[in-house]
Amino acid sequence: FADVKPAMAEYFCGAATLTPNLVEGLEMIKGGRDVAPADIASTLSKLNNTRVFLTAAEQGIYLAEISGEVTWVEQTHRVQVGDGSGCGDTVAAMLLLATVSGATPVEAAELANAAGAVTVSKVGAYAPNPSEVLRMLGS
Numbered sequence: 002f003a004d005v006k007p008a009m010a011e012y013f014c015g016a017a018t019l020t021p022n023l024v025e026g027l028e029m030i031k032g033g034r035d036v037a038p039a040d041i042a043s044t045l046s047k048l049n050n051t052r053v054f055l056t057a058a059e060q061g062i063y064l065a066e067i068s069g070e071v072t073w074v075e076q077t078h079r080v081q082v083g084d085g086s087g088c089g090d091t092v093a094a095m096l097l098l099a100t101v102s103g104a105t106p107v108e109a110a111e112l113a114n115a116a117g118a119v120t121v122s123k124v125g126a127y128a129p130n131p132s133e134v135l136r137m138l139g140s
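Per the working numbering, the very first residue in the sequence shown carries number 2; after that it's consecutive.
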């Protein structure tokens with residue numbers, strides 16, 4: 002898993018999974034603002050021959066597989082935003098933890114959406130605990 006910043010992307014060639022956000026994804030493909038998130042994810046996956054979880058804030062996560070299949074995992078957890086600090090890190094960490102625990106890519110994205118919603122509802126960088134994520138999943 003690589004939560005890569007565009008300027009450093011060349012150093013992560015061969016990573017099994019990339020987790021950029023929309024802005025980073027656009028920069029990595031050198032695209033204009035009118036590129037759809039699914040197309041950004043798909044292009045990144047093709048360019049890097051890897052799975053991509055493109056995080057798109059309140060939209061959710063666009064999952065692009067090496068096969069070319071793109072799945073939108075909608076962010077269904079609506080919360081009052083406190084602060085976005087650390088949200089991307091929380092999502093990347095949950096994607097990794099869920100994947101190594103045996104979750105499918107879609108399940109990992111669903112868990113990451115829930116964890117991200119908990120984090121963004123707090124002020125300052127915040128690491129949600131398992132019970133908070135489970136409560137968010139239940140809401």
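Built from N, CA and C at the ideal position, the CB exists for glycine as well.
Given the structure is predicted, the values throughout are model-derived calculations rather than measurements.
Would you identify the three-state DSSP class for residue i, choosing helix, strand or coil?
i     : result
Thr91 : helix
Ala42 : helix
Val99 : A small correction: the amino acid at residue 99 is Ala; Val does not occupy that position in the sequence shown. Here Ala99 sits in helix by DSSP.
Opposite residue i in the DSSP bridges: which residues?
i      : result
Ser77  : Before going further, note that residue 77 is Thr rather than Ser in the sequence given. Partner(s): none; Thr77 has no beta bridge.
Thr18  : Arg52
Ala126 : Answer is none; Ala126 lacks a bridge partner.
Kindly indicate the opening and closing residues of the alpha helix (DSSP H) around residue i.
i      : result
Arg34  : Neither: Arg34 is in no alpha helix (DSSP H) and is coded neither H nor E.
Ala110 : 106-121
Met9   : Counting along the chain, Met9 falls outside any alpha helix (DSSP H), and DSSP gives it neither H nor E.
Gly103 : From DSSP, Gly103 is part of no alpha helix (DSSP H); its letter is neither H nor E.
Asp131 : The amino acid at residue 131 is misidentified as Asp; the sequence shows Pro. Per DSSP, Pro131 belongs to the alpha helix (DSSP H) from 131-139.
Could you name the residues of the same chain whose beta carbon sits closer than 8 Å to that of residue i, not counting the 5 residues immediately before and after it, in chain order?
i      : result
Ile67  : Ser46, Asn50, Thr51, Arg52
Val121 : Val80, Val82, Gly83, Asp84, Gly85, Cys88
Ala39  : Tyr63, Ala65, Val71, Trp73
To which residues of the same chain is residue i closer than 6 Å at the C-beta, ignoring the five residues directly before and after it?
i      : result
Ala118 : His78, Val80, Met137
Ala93  : Asp4, Thr20
Ser43  : Ala65, Val71
Ignore the nearest five residues each way along the sequence and tell me which others in residue i's own chain have a CB closer than 7 Å to its CB.
i      : result
Gly15  : none
Ala104 : Leu112
Exercise. Can you check the stretch 45-72 for any beta strand (DSSP E) of at least 3 residues that lies completely inside it and give the ranges in chain order?
Key: 52-56, 61-65
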